[in-house]
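A.B. asks: The structure's right below; bear with me while I get my questions together.
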Amino acid sequence: MPYSAAPPPPSRVRWRRGQVTATGRRGRDSLELTVEVPDEGHLRALAYPSLVGIPQVGDDVLLNTTALAQGLGTGGVALVVAVPDRLPPDPTGPGHLVKARYTPLQATVSGVDEQDTEHHALLAEADDLGGMPVVVADLHSALPAILIGMLATDPDLKVAYVMTDGGALPAAFSRTLDALAPSLAGVITVGQAFGGDLEAVTVHTGLLAARHVLGADLTIVSQGPGNLGTGTPWGFSGVAAGEACNAVTILGGEPIGALRISDADPRTRHRGVSHHSLTAFGRVALGGVTLIAPRGLSSELGGQIDEDLAGQPSRNPVVWVDTDGLDDALGLSPVPLRTMGRGYPEERAYFLAAAAAGRFAALRVPVAETKPEAAGAQAP
Numbered sequence: 002m003p004y005s006a007a008p009p010p011p012s013r014v015r016w017r018r019g020q021v022t023a024t025g026r027r028g029r030d031s032l033e034l035t036v037e038v039p040d041e042g043h044l045r046a047l048a049y050p051s052l053v054g055i056p057q058v059g060d061d062v063l064l065n066t067t068a069l070a071q072g073l074g075t076g077g078v079a080l081v082v083a084v085p086d087r088l089p090p091d092p093t094g095p096g097h098l099v100k101a102r103y104t105p106l107q108a109t110v111s112g113v114d115e116q117d118t119e120h121h122a123l124l125a126e127a128d129d130l131g132g133m134p135v136v137v138a139d140l141h142s143a144l145p146a147i148l149i150g151m152l153a154t155d156p157d158l159k160v161a162y163v164m165t166d167g168g169a170l171p172a173a174f175s176r177t178l179d180a181l182a183p184s185l186a187g188v189i190t191v192g193q194a195f196g197g198d199l200e201a202v203t204v205h206t207g208l209l210a211a212r213h214v215l216g217a218d219l220t221i222v223s224q225g226p227g228n229l230g231t232g233t234p235w236g237f238s239g240v241a242a243g244e245a246c247n248a249v250t251i252l253g254g255e256p257i258g259a260l261r262i263s264d265a266d267p268r269t270r271h272r273g274v275s276h277h278s279l280t281a282f283g284r285v286a287l288g289g290v291t292l293i294a295p296r297g298l299s300s301e302l303g304g305q306i307d308e309d310l311a312g313q314p315s316r317n318p319v320v321w322v323d324t325d326g327l328d329d330a331l332g333l334s335p336v337p338l339r340t341m342g343r344g345y346p347e348e349r350a351y352f353l354a355a356a357a358a359g360r361f362a363a364l365r366v367p368v369a370e371t372k373p374e375a376a377g378a379q380a381p
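Just so we're on the same page, the working numbering is the position in the sequence shown counted from 1, plus 1.
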């Protein structure tokens, strides 16, 4: 049967109508709500004001409750699709980059390198990261620990964050980013992700903007909150970590891998060094990436890590990094450290590995080098 003649697929969205009964925490572009839905009671909901306006108590709202019904840990919340009786005003700002393209909530943003922006000429010429160290991680939960490792080593470093589109698309979904904003030079959302201080089409332009627009000494790359995985060797969104390493290499940066390590995960494939790290860094990052293992682990886990990394290609050197003082720094994290539902210190090895990668990257920044000036640098 030809594609055009096939019957339409079944519904993919679980729609509900409800009424806002309370408002809660407000982020930079997020608003938590309680919404009463007939026959289902009160639901936790989340609205993005830049997309749907600002819901108020008493408003009727249209919800997407698909992920909530699935019980997803990260995305398990009802999302406000519209406030039908009080639509927001039409956008008037610049920009023609469309993100979440061809979905009902596609949004137009201004790209950092668009022709009408102040940075276009700069990024039209930029083609090199000048050796900038870039730490690449599989999961968004590694971000605060990597940053802690960097700033515990040198608090004067300027660190940018590039958020890819493997997890949440709106940067506003991340409470972590709200809390870390004072410590970051800026957030750049790339691909279909949106809502950062700067918007870019690809990881490549995002990295170049981090270096040349924000003037970053270091950059962290990971997907947004959430991770899609199927339990198969290649079916996980973290594969993009290897592709990000390739972008860093092509642009003359230094890719550094934050390994996903665990001795608490009940799943065999994620104990020791996760198969996600072994695949993304070992088989996708064809230009090579320095893999950072943390000292200070149990001899049993350390031996497992050695064994797991023994099969890495020669292009991926393994460096064991001293972690003295990092446990104390992680204990003072400005955001809760949690991954896969487990916190610190239960997942100490995971967060220590991320912090060690941050420390190594910080030590790779040349001390005598003049820091790049930011052309119109933006901060959160």
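Note that the Cβ used here is the ideal one computed from N, Cα and C, for glycine as well.
#1: Does the Cβ-Cβ distance between Ala-46 and Leu-80 come in under 9 Å?
#2: Return helix, strand or coil for Thr-206, following the three-state DSSP convention.
#3: Out of curiosity, what's the CA-to-CA distance linking Ala-362 and Gly-289?
#4: For Tyr-162, does the three-state DSSP call read helix, strand or coil?
#5: Thinking Ala-138 and Leu-144 are a contact (beta carbons under 8 Å), I'd like their distance in whole angstroms, please.
#6: Could you name the residues of the same chain whose beta carbon sits closer than 7 Å to that of Trp-321, not counting the 5 residues immediately before and after it, in chain order?
#7: Per DSSP, Glu-200 is paired with what?
#8: Identify which residue in Pro-335, Asp-328, Arg-17 and Ser-51 has its Cα closest to the Cα of Gly-42.
#9: Please classify Gln-71 as buried or exposed, where buried requires at least 16 neighbouring CB atoms within 10 angstroms.
#10: Just list the alpha helix (DSSP H) runs in the segment 217-251, keeping only unbroken ones of 4 residues or longer that don't cross its boundaries, in chain order.
#11: Should Ser-263 be labelled buried (16 or more other beta-carbon atoms within 10 Å of its own) or exposed?
#12: Quick check on Asp-179: does DSSP put it in helix, strand or coil?
#13: Find the nearest neighbour of Ala-182 within the set Gly-168, Thr-291 and Leu-148, judged by alpha-carbon distance.
#14: Cutting at 6 Å between CB atoms, please list the residues of its own chain near Thr-371, excluding the five before and the five after it.
#15: Restricting to runs no shorter than 4 residues, where is the alpha helix (DSSP H) found entirely within the segment 29-69?
#16: Go ahead and label Gly-377 buried or exposed: buried means 16 or more other beta carbons lie within 10 angstroms of its beta carbon, across all protein chains shown.
#17: Quick one: what does DSSP say Gly-288 is sitting in, helix, strand or coil?
C.D. replies: Based on what the coordinates show:
#1: One-based indexing of the sequence shown puts residue 46 at position 45. One-based indexing of the sequence shown puts residue 80 at position 79. Going by C-beta atoms, Ala-46 is nearer than 9 Å to Leu-80.
#2: The residue given as residue 206 occupies position 205 in the sequence shown. DSSP places Thr-206 in helix when its eight states are reduced to three.
#3: Mapped onto the sequence shown, residue 362 falls at position 361. Mapped onto the sequence shown, residue 289 falls at position 288. Spanning the two alpha carbons is a distance of roughly 15 Å.
#4: Here residue 162 is taken as the residue at index 161 of the sequence shown, counted from 1. Of the three classes helix, strand and coil, the one that applies to Tyr-162 here is strand, per DSSP.
#5: The count along the sequence shown starts at 1 and reaches residue 138 at position 137. The count along the sequence shown starts at 1 and reaches residue 144 at position 143. About 7 Å; that satisfies the 8 Å criterion.
#6: Taking the first residue of the sequence shown as 1, we reach residue 321 at position 320. Within the same chain, Ala-294 and Arg-296 come within 7 Å of Trp-321 by CB-CB distance, once the 5 residues on both sides are set aside.
#7: Locating residue 200 in the sequence shown gives position 199, counting from the first residue. Answer by DSSP bridge pairing, in chain order: Gly-112 and Thr-190.
#8: Residue 42 sits at position 41 when you count from the first residue of the sequence shown. Looking at the Cα atoms, Arg-17 is the closest of the given residues.
#9: Here residue 71 refers to the residue found at position 70 when the sequence shown is read from its first residue. Exposed is the call here.
#10: 241-251
#11: Within the sequence shown, residue 263 is the residue found at index 262, counting from 1. Answer is buried; the Cβ neighbour count reaches 16.
#12: Residue 179 sits at position 178 when you count from the first residue of the sequence shown. Helix at Asp-179.
#13: Counting from 1 along the sequence shown, the entry for residue 182 is found at position 181. Selected option, being the one with the closest Cα: Leu-148.
#14: Numbered from its first residue, the sequence shown carries residue 371 at position 370. Residue confidence is low: Thr-371 scores 47 on pLDDT, short of 50, so the model does not pin down where it sits. Its coordinate-derived value is still stated next. Counting only Cβ-Cβ distances below 6 Å, and skipping sequence neighbours, we find nothing.
#15: 50-53
#16: For the purposes of this step, residue 377 is identified with residue 376 of the sequence shown, where counting begins at 1. In this prediction, Gly-377 has a pLDDT of 43, which is less than 50 and means its spatial position is unreliable; nothing more can be read from the coordinates.
#17: Taking the sequence shown and counting its residues from 1, the one referred to as residue 288 is at position 287. Residue state, collapsed to three classes: coil.
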